[in-house]
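Okay, structure first, notes after.
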Amino acid sequence: MLSSCHSNPFFEEWDTPYGIPPYDKIKVADYLPAIKEGIRQQQEAIDAITANPEAPTFDNTIAAFEFSGELLDKVQGVLFNVAETDRSDALDAVVEKALPLLSAHGDNIAFNKALYERVAAVYHADQSGLTREQQVVLKNHFEDFEREGIGLPQEQQDRLREINTEIATKTQKIGNNILAESNAFKAKFGFSVSDYPERMASTEDRSLREEYLKAYTSRGHNGNEYDNRELAVEVLKLRLEKARILGYPNPAAYELADKMAGDPATVDAFLAGIMKASTAKAREEVAEMQAMMDADPSVPAGSKIEPWDWWYYAEKVRQAKYALDDEQIKPYFQMDSVRNGIFIAAKKLYGVNAEPLADVPVYSPGNVQTWKLSYDDGSLIGIFTTDYLPRSSKRGGAWMNNVRNQYIGPDGVEVRPIIVNVGNLAEYMNVDQVQTVFHEFGHALHGFLTKCTYPSVSGTSVKRDFVEMFSQINEHWAFEPELLALYAKNSEGEVIPKELVDKINAALKFNMGFMTTELAAASVLDMKLHEVEDFEGFDVDAFEAKVAAECGLNPEIGYRYRTTYFNHIFSSGYNAGYYGYLWSEVLDRDAFSFFEASPKGVFDPELAAKFKATFLEKGGSEEPMTLYKQFTGREPDNKAFLRGRGLID
């Protein structure tokens with residue numbers, strides 16, 4: 205054991221700049237022993253809490269629990285980041301072995317009656333001496349025990365343990381299958397799924413577009429070893445069984461009980477309102493595209509717009525309306541320039557400085573770059589890593605990961621975060637990809653600028669339907685002329701011309717009927733899948749068709765995500781939560797309207813300081829609506845959302 209400890213980097217203090225993981229020294233064989241030791245250490249710490257003869261207090265129970273999993277957090281922060289970005293068969297095998305161990309450990313905590321009784325004793329005692337952050341941390345832990353079934357009979361707790369382990373292993377399999385199918389798509393067509401919209405917009409051959417669409421929307425649905433239909437239904441059944449054991453009629457009701465929305469009926473009504481407006485707008489867009497198709501001599505007379513035609517003819521309409529060509533834009537949005545743009549915006553808004561770090565460990569040399577973020581006084585904000593280019597070992601999409609969270613340890617020393625932004629982007633970006641870079645850095649800023657004491661409420665540890673507010677609001681600065689003049693430059697150093705800037709901003713609301721309908725319909729599908737209460741005879745295809753008809757999904761659009769490759773709701777924690785992107789957008793557009801109305805402009809330093817202090821520094825240490833009202837002085841107004849998406853004038 206001692207020799208293993210001395211040879212495993214996870215068992216040592218990392219003698220690296222700023223505590224960056226020594227990726228060059230970590231071997232695949234190191235992860236599992238470190239996971240097991242991390243579990244053992246945390247369990248030992250919890251045993252010490254429950255054996256403490258002193259009366260339960262916040263410090264000896266809640267704080268002690270908060271800081272009990274240091275090694276486990278350290279390992280998981282590295283393992284799951286690398287497993288998603290640089291996967292291999294060996295890493296997959298490690299994750300497959302680790303997930304049941306972690307699931308069992310989580311259940312051991314959730315069903316630890318002695319720990320719960322101490323937490324409950326603190327919760328029911330006088331809380332007047334606690335800070336507001338401590339009160340929220342305490343409330344969260346108490347309610348987590350209640351939500352996870354601490355009061356259930358032993359046989360039901362045992363069944364929940366089995367369910368949790370099965371869900372963890374099956375969702376990992378679903379994610380691996382999606383990656384395999386996405387790689388097969390690239391091997392067949394020569395471009396990645398992340399490039400699909402652009403190829404659909406530029407491919408003249410209609411039959412080839414149809415082939416692309418059918419392959420793209422059939423991922424996980426091909427009757428091969430990577431088929432996800434049965435797996436997805438198995439996970440949904442397990443989630444339903446879990447919800448019922450815990451006293452809820454379905455998984456949606458269970459998931460929403462502790463979110464801002466509160467219950468499925470609220471979300472269903474919210475999405476129905478958006479679908480009504482967006483599908484009407486989409487019908488207007490179809491009419492414009494149909495006119496383009498009718499005038500296209502390469503298409504037989506009488507042809508109608510099909511889902512594989514949308515991107516192509518939408519691009520034709522966009523060029524006709526705005527004379528905007530992506531090939532004109534891309535030279536000004538080279539990857540390094542866009543990354544510079546997010547740094548300039550962060551400096552103007554929050555005083556963040558970015559300094560590149562060379563010769564530091566990275567997990568994928570040649571693909572990953574690292575920066576030190578700091579304030580003018582030299583104080584460290586954190587370490588930021590970008591991993592933007594696609595590769596076959598990386599799952600699709602874009603995301604932010606915390607390798608290390610911000611918190612203040614029991615010794616009073618603050619730990620600063622290490623955060624990764626991952627994408628599957630082009631070296632020269634289109635408008636959507638630029639927005640993605642700003643979006644993910646918005647998440648990163650939420651993680652970097654937080655000032656919390658306890659890990660469980662630090663940074664992005666907020667309610668799922670609140671977290672996207674901070675990524676999405678950061679997108680609004682991406683195409684502000686004042687900022688574009690500073691970062692959007694071509695290889696000769698020439699700033700993007702004003703006429704292109706005007707065209708970009710004029711076109712930002714273009715095709716919003718389609719974009720909003722796609723997002724809302726995916727959210728509806730997610731909700732409906734998690735509202736099913738009887739899976740007898742359930743058929744994925746029939747169910748998707750039924751939901752599409754009921755929600756009024758335009759036949760020319762189809763689903764953005766079908767069940768078999770809807771990674772968000774199986775492997776990314778957005779089950780009965782995908783609506784959160786739209787829910788958060790109501791908040792972010794309304795909050796940004798205050799910047800738009802400022803006489804000092806959208807980079808108003810006082811308003812940015814208020815936004816930072818109210819939201820970004822607080823993390824999850826206060827209720828979302830309390831923070832929102834502190835910033836705006838009122839309830840959210842959805843008019844900015846509807847105007848921003850071009851759904852009302």
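Following our numbering, the numbering of the sequence shown begins with 205 at its first residue and continues without gaps.
Even glycine gets a Cβ: it sits at the ideal position worked out from N, Cα and C.
The model shown is predicted, which means the values in this text are computed figures rather than measured ones.
- Around the beta carbon of His647, 16 or more other beta carbons sit within 10 angstroms, so the residue counts as buried.
- When DSSP assignments are scanned along the segment 700-765, the uninterrupted stretches of alpha helix (DSSP H) that are 4 or more residues long and fall wholly within it turn out to be 702-711, 716-733, 744-755.
- In the assembly as shown, Gln246 is a buried residue. Its beta-carbon has 16 or more other beta-carbons within 10 Å.
- Per DSSP, the beta bridge partners of Ala558 are Leu577.
- Collapsing the DSSP output to three states places Leu629 in coil.
- Distance from the CA atom of Arg764 to the CA atom of Ala726, rounded to whole angstroms, is 6 Å.
- Annotation: the continuous alpha helix (DSSP H) that includes Gly651 extends over 635-652.
- Under the DSSP definition of a beta bridge, Leu584 partners with Ser578.
- The continuous stretches of alpha helix (DSSP H) do not include Trp512, and DSSP gives it neither H nor E.
- Residue state for Ile239 is assigned as helix, using DSSP reduced to three classes.
- Judged by pairs of C-beta atoms under 8 Å, the segment 786-798 touches the segment 661-678, as three or more such pairs exist.
- For Asn432, the CB contacts under 6 Å within the same chain, skipping 5 residues up- and downstream, are Ile378, Asn381, Gly424, Thr768 in chain order.
- For Trp603, the enclosing beta strand (DSSP E) has its first and last residue at 603-608.
- In this structure, the straight-line span from the alpha carbon of Ala630 to that of Asn779 is close to 29 Å.
- For Lys446, the three-state secondary structure derived from DSSP is helix.
- As the crow flies, the alpha-carbon of Phe670 is around 36 Å from that of Pro701.
- Membership of His328 in the alpha helix (DSSP H) is indicated by the continuous run 317-328.
- Judged by DSSP in its simplified three-state form, Thr590 adopts strand.
- Leu383 is the residue among Leu383, Leu690, Ala491, Ala456 whose C-alpha sits nearest the C-alpha of Tyr430.
- In terms of Cβ geometry, Phe796 and Ala812 do not form a close pair [threshold 9 Å].
- The beta carbon of Ser507 sits closer than 7 Å to those of Met497, all from its chain and outside the five residues before and after it, given in chain order.
- His345 is not a Cβ neighbour of Ile243, given a cutoff of 9 Å.
- For the set Ala405, Gln358, Lys485, Asp530, the Cα lying nearest the Cα of Ile449 is the one of Gln358.
- Excluding five sequence positions before and after Thr375, the CB atoms of its chain that fall closer than 8 Å to its own CB belong to Val439, Phe774, Ser775, given in chain order.
- Taken through DSSP and simplified to helix, strand or coil, Lys693 comes out as strand.
- If you look at Pro565, you'll find it isn't in any alpha helix (DSSP H); DSSP assigns it neither H nor E.
- In this structure, DSSP gives Val624 an extended state, which the three-state scheme calls strand.
- For the set Ala746, Ser398, Tyr785, Ala259, the Cα lying nearest the Cα of Val323 is the one of Ala259.
- With a minimum length of 4 residues, the unbroken runs of alpha helix (DSSP H) contained wholly in the segment 468-507 fall at 468-498.
- Per DSSP, Ile354 is not a residue of any alpha helix (DSSP H), being assigned neither H nor E.
- When beta bridges are read from the DSSP output, Ile612 appears opposite Glu618.
- Val341 places its beta carbon less than 9 Å from that of Val661.
- Residue burial is scored here from C-beta neighbours: Leu733 has at least 16 other C-beta atoms within 10 angstroms and is therefore classed as buried.
- Of the residues assessed, His650 falls on the buried side of the cut-off, its CB having 16 or more other CB atoms within 10 angstroms.
- Cα atoms of Glu740 and Val437: separation of roughly 11 Å, rounded to the nearest angstrom.
- Our two residues, Ala486 and Ala844, have alpha carbons roughly 19 Å apart in a direct line.
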